[in-house]
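Protein chains in written order, with my numbering: chain D, 160 to 623; chain F, 160 to 623. Ideal Cβ positions, reconstructed from N, Cα and C, are used throughout, including at glycine. None of these values were measured; they are calculated from a predicted model. As structure tokens, the structure follows; a few thoughts come after it.
2 protein chains.
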Amino acid sequence: MYRVLEKVKSHIERNSELFLREFVELLRCPSVSATGEGIEQAAEIIIDMLKELGASVETYRDSGGNPIILGELNEKKDGTIMIYDHYDVQPVDPLDKWSSPPFQPRIIDGKIYARGASDDKGNLVSRILAVKTLVEVLGELPVNVKFILDGEEEVGSPSLPKFIENYREKLGADACIWEGGGFDRAGRSMIYLGAKGVIYLELIVMRRGGDLHSSWGTIIENPAWRLVMALSTIRNTNGKILIDGFYDEAVEDHEAEQLIRELDIDRADIDAMTDQAELIEELPNQELLRQWLLSPTINICGIYSGYIDKGQKTVLPSYAFAKMDIRLVPRMRPGQILKLLKQHLNSHGFQDVQVEVLNRGYPAARTSPKEPAVQLAVKVSKIVTGMEPLVFPNIAGSGPMYLITDILRQPCFSLGVNYPGSNIHAPNENILVEYFMKGIFQCCLYLMNFVPWIKHSDAPYLRF
Amino acid sequence: MYRVLEKVKSHIERNSELFLREFVELLRCPSVSATGEGIEQAAEIIIDMLKELGASVETYRDSGGNPIILGELNEKKDGTIMIYDHYDVQPVDPLDKWSSPPFQPRIIDGKIYARGASDDKGNLVSRILAVKTLVEVLGELPVNVKFILDGEEEVGSPSLPKFIENYREKLGADACIWEGGGFDRAGRSMIYLGAKGVIYLELIVMRRGGDLHSSWGTIIENPAWRLVMALSTIRNTNGKILIDGFYDEAVEDHEAEQLIRELDIDRADIDAMTDQAELIEELPNQELLRQWLLSPTINICGIYSGYIDKGQKTVLPSYAFAKMDIRLVPRMRPGQILKLLKQHLNSHGFQDVQVEVLNRGYPAARTSPKEPAVQLAVKVSKIVTGMEPLVFPNIAGSGPMYLITDILRQPCFSLGVNYPGSNIHAPNENILVEYFMKGIFQCCLYLMNFVPWIKHSDAPYLRF
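Pasting the structure below:
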């Protein structure tokens with residue numbers, strides 16, 4: 160078995176330049192779902208990649224949104240792995256903070272810089288390349304694989320729920336590898352067993368008519384002030400949400416608490432993992448991890464009103480808005496949270512503050528660490544890295560993973576290629592070439608062992 | 160004397176097209192002091208106009224800012240009138256709210272639309288044209304006139320204080336006509352005896368590093384939230400300022416209160432005067448006027464943080480700022496108010512909120528209604544309109560009038576050409592052609608009677 164492993168490894172090494180070229184080709188294509196830029200071209204590149212593997216490919220546009228790509232390699236094996244990734248990316252602004260253009264990928268000091276390098280084209284391509292490697296080395300794939308490739312994850316995956324509902328019978332699988340995952344500064348695998356939920360909305364205050372001279376400020380209300388006053392009732396200076404009932408459903412389970420306690424992490428690890436050492440609040444490690452991973456937030460993504468160019472303009476603005484995301488932990492229901500927010504604004508006298516929901520959102524998701532599919536991920540990562548992995552109850556971010564765990568009822572987890580300095584959603588997003596290659600190998604190992612493991616609790620390619 | 164008056168009047172009528180052409184030529188020139196656009200060209204046009212009158216013209220750039228133009232017509236008369244106006248204008252945004260391009264003046268239904276039409280090129284040109292009319296009709300000017308024409312009023316007149324200090328001996332005069340002033344919907348003159356003071360500043364919250372994925376919001380503070388929380392401590396929902404000591408110096412005098420009580424104005428007048436009927440708070444008339452004219456404010460002119468384009472971006476912004484003006488009533492000292500604001504932020508735990516002062520500002524100004532120069536303005540306006548004028552203690556807005564009243568120690572007031580629908584500082588700024596012409600006539604009458612009035616309490620050209 161060891162020989163097969165070595166063959167897989169050396170195949171990846173020999174093909175690394177070719178693999179990088181395929182990756183870079185996709186990174187060159189913008190695919191910003193917020194604006195629609197380059198989405199169709201990115202989808203075409205990916206469809207070609209899948210077809211080259213021998214996959215049957217279908218695209219779904221039932222909701223009129225960006226295509227969802229379903230690629231299937233049905234090898235008539237006794238087990239099926241689902242792989243969920245997305246090919247859309249976040250907008251690039253602030254563009255002036257990038258040291259190289261976000262859609263002209265550059266490799267500097269072993270890192271590939273580009274928008275989407277880590278979120279999520281790195282994982283997407285690495286998993287396609289893992290399948291390719293296995294087909295080329297073994298002659299056939301030892302497991303059935305289904306790719307669901309989303310084109311709207313960065314705008315809240317609006318088409319995905321309908322897709323999952325409508326094509327449920329096509330989407331059966333024994334486990335699902337989710338986007339994300341990576342390695343920490345010591346090289347340990349970071350495995351994530353869930354994701355937070357999210358809601359995205361705007362609070363808007365409008366006044367009839369246009370902007371006015373600011374001397375009216377004594378007798379005409381200022382929408383910017385109204386928005387500020389409304390926002391200030393939502394949260395206190397310690398970050399605690401003041402909406403009645405907000406935390407009622409946010410009760411953590413013992414398994415998640417236990418995973419946090421078991422994380423072999425010191426403050427230097429957290430600093431490296433977050434790459435934001437000086438910014439993070441001073442808290443004991445455990446408390447910091449609990450707050451980071453197990454607490455819900457309401458965040459201001461953007462706020463605008465009136466004159467914001469250089470110099471002075473004395474104006475009473477005609478409108479103001481704030482863009483906000485609300486991140487949910489397991490058991491919080493998005494609809495209920497929205498209802499509570501609206502009730503809060505009304506009961507505090509802010510009937511003039513409109514709540515525009517840009518994304519009705521989705522709940523959090525969580526898979527138990529006891530699931531065999533998760534235990535295999537832990538085993539595989541030990542072989543690849545030589546170290547115990549870090550198993551997190553969930554990522555700090557969100558994703559519609561509940562569609563897999565709660566609708567399709569498959570165990571679901573992340574095992575991937577990113578690293579703590581990836582700058583996800585930020586300027587200078589990047590990925591380490593070394594981890595990209597290691598991730599391909601790790602994915603190969605997982606796919607090779609999956610069927611014997613779930614059928615007979617045996618992992619033949621991990622014995623040597 | 161009546162014949163002379165008629166001659167002046169018919170001269171204005173005959174020349175009205177020519178006068179409009181001169182006005183429109185200046186309106187075509189942008190002169191936005193916030194950006195510097197077109198300032199020099201506008202100054203040149205005005206210098207040419209003054210030279211055509213026979214004025215001696217000097218420009219001052221001692222502070223490196225936009226030129227201050229001093230135009231003098233020394234007729235060796237027994238009295239001197241100062242005229243203060245400014246040739247700079249506010250920025251034009253939001254541009255999409257204009258029904259015609261702001262620097263392509265259009266006359267529609269008797270109104271001239273252009274940025275600067277009312278603030279302040281209308282008054283500036285009307286006063287130059289009044290002098291021109293008198294020279295042409297009478298053969299000589301019956302009073303000495305000094306024009307101070309500012310190029311930075313809309314950015315807080317930063318060069319003006321030094322100019323006034325340095326050239327004090329050149330700037331002697333018996334009274335000063337200030338920018339602004341106009342007619343109400345019934346055609347009554349609106350005379351203003353003062354202006355509020357103003358400070359312009361930014362509150363800024365910066366975080367080290369760039370924008371981050373918003374999932375960090377649980378353990379890294381959000382500058383937008385910090386700014387919102389800081390702002391919310393400054394004002395309550397009723398508009399009351401919560402800064403300790405803010406109102407201590409804002410004690411109104413009896414003369415101002417008396418002027419408010421004497422204003423013959425009903426709610427319909429206020430609505431017409433403000434042109435914002437539906438927006439204004441429901442208050443008894445007197446209370447509304449007091450709040451409008453005699454109360455200080457802190458206004459949010461603009462606020463910005465993070466992602467404000469269309470769609471969704473889940474980001475933790477790296478900075479946030481608010482642009483604010485503070486309007487001061489008589490006796491409030493700008494330096495003291497800034498000190499109180501900084502103390503307030505510190506004592507409320509907002510040491511991370513930087514106060515960047517864009518304009519250290521100036522205090523309010525007020526001239527007594529008992530001043531002979533004011534009483535002449537009242538008399539003249541009665542002849543021109545056939546009605547008692549409305550005499551306001553001050554405009555609702557600001558201007559560095561204190562330089563005239565407190566430094567040069569001249570009585571100072573506004574008597575001009577605007578009207579309540581002028582949309583000052585807003586899209587579709589405009590002026591009525593009828594009032595522009597009436598204002599020229601009113602200014603002529605004032606200049607003709609000034610010397611006999613202040614010397615002998617006689618107004619020969621008002622007797623008939």
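DSSP lists F:H245 as the bridge partner or partners of F:D309. Annotation for D:V163: the continuous alpha helix (DSSP H) segment containing it runs Y161 to R173. Contact between the stretch 451 to 470 of chain F and the stretch 362 to 381 of chain D is present: three or more C-beta pairs spanning the two stretches fall below 8 Å. A distance below 7 Å between beta-carbons, with the five flanking residues on each side excluded, links D:N582 to the following residues of its chain, in chain order: E588 and N589. Among the residues facing chain D, F:M560 is not included, as its CB has no counterpart in that chain under 8 Å away.
Within chain F, no residue has its CB atom less than 8 Å from the CB of D:P522, the nearest being about 16 Å off. Residues of chain D with a Cβ closer than 7 Å to the Cβ of F:H413 do not exist, since the nearest Cβ in that chain sits about 21 Å away. Residue burial annotation: D:Y161 is exposed, with fewer than 16 other C-beta atoms found within 10 angstroms of its C-beta.
The residue among D:L591, D:P443, D:V357 and D:F342 with its C-alpha nearest the C-alpha of D:G575 is D:F342.
In terms of beta-carbon proximity, D:N444 stays away from the interface with chain F, with every pair separated by 8 Å or more. In this structure the stretch 190 to 209 of chain F touches the stretch 240 to 248 of chain F; the number of beta carbon pairs closer than 8 Å is three or more. The beta-carbon distance between D:L418 and D:P528, rounded to whole angstroms, is 6 Å. This is short enough to meet the 8 Å contact definition. The straight-line gap separating the alpha-carbon atoms of D:C602 and D:M483 is approximately 35 Å. Not flagged as an interface residue toward chain F: D:W337, since no C-beta distance is shorter than 8 Å. Taking C-beta separations shorter than 7 Å and ignoring five residues to either side along the sequence, the partners of D:D403 in its chain run L499 and H503, following chain order.
Shortest Cα-Cα distance from D:R492 to any of D:G508, D:Y578 and D:G520 involves D:G520. When rounded, the separation of the alpha-carbon atoms in F:Y351 and F:S259 is 31 Å. Legend: CB atoms of the stretch 300 to 329 of chain D lying less than 7 Å from CB atoms of chain F belong to residues V314 and G315. Positions of the beta strand (DSSP E) runs, each at least 3 residues long and wholly inside the stretch 455 to 485 of chain F, are given as 456 to 465 in order along the chain.
Short of 7 Å from the beta carbon of D:E231, and not among the five residues preceding or following it, lie these beta carbons of its own chain, in chain order: A214, S215 and K305. According to the DSSP secondary-structure assignment, F:I590 is paired through a beta bridge with F:I271. In the displayed model, F:A427 falls within a helix according to three-state DSSP. When DSSP assignments are scanned along the stretch 285 to 370 of chain F, the uninterrupted stretches of alpha helix (DSSP H) that are 4 or more residues long and fall wholly within it turn out to be 319 to 325.
Here F:A289 is not near F:P570, since their CB atoms are 8 Å or more apart. Inter-segment contact for the stretch 359 to 366 of chain F and the stretch 553 to 562 of chain F is absent: fewer than three beta-carbon pairs are separated by less than 8 Å.
For F:M388, the chain D residues whose Cβ falls inside 7 Å of its Cβ are S391 and T396, in order along the chain.
Minimum Cα-Cα distance from D:N608 among the listed residues D:I204, D:L177, D:K236 and D:S222 corresponds to D:K236.
Assignment of D:C603 by DSSP, reduced to helix, strand and coil, places it in the helix class.
For a Cβ distance threshold of 7 Å, residue set I459 and I462 of chain D lies close to F:A383, ordered along the chain. The shortest C-alpha to C-alpha distance from F:K291 to any of F:H615, F:V512, F:G545 and F:K168 is the one to F:K168. Annotation: F:G580 has no Cβ neighbours in chain D at a cutoff of 9 Å; minimum Cβ distance is about 12 Å. In this structure, DSSP gives F:V533 a helical state, which the three-state scheme calls helix.
Proximity of F:A555 to chain D, defined by a Cβ-Cβ separation below 8 Å, is satisfied. Exposed is the label assigned to F:N505, since fewer than 16 other Cβ atoms lie within 10 Å of its Cβ.
Looking from the CA of D:D423, the closest CA among D:G494, D:H413 and D:R347 belongs to D:R347. When Cβ pairs closer than 8 Å are counted between the two stretches, the stretch 321 to 341 of chain F is seen not to touch the stretch 437 to 452 of chain F, the count staying below three.
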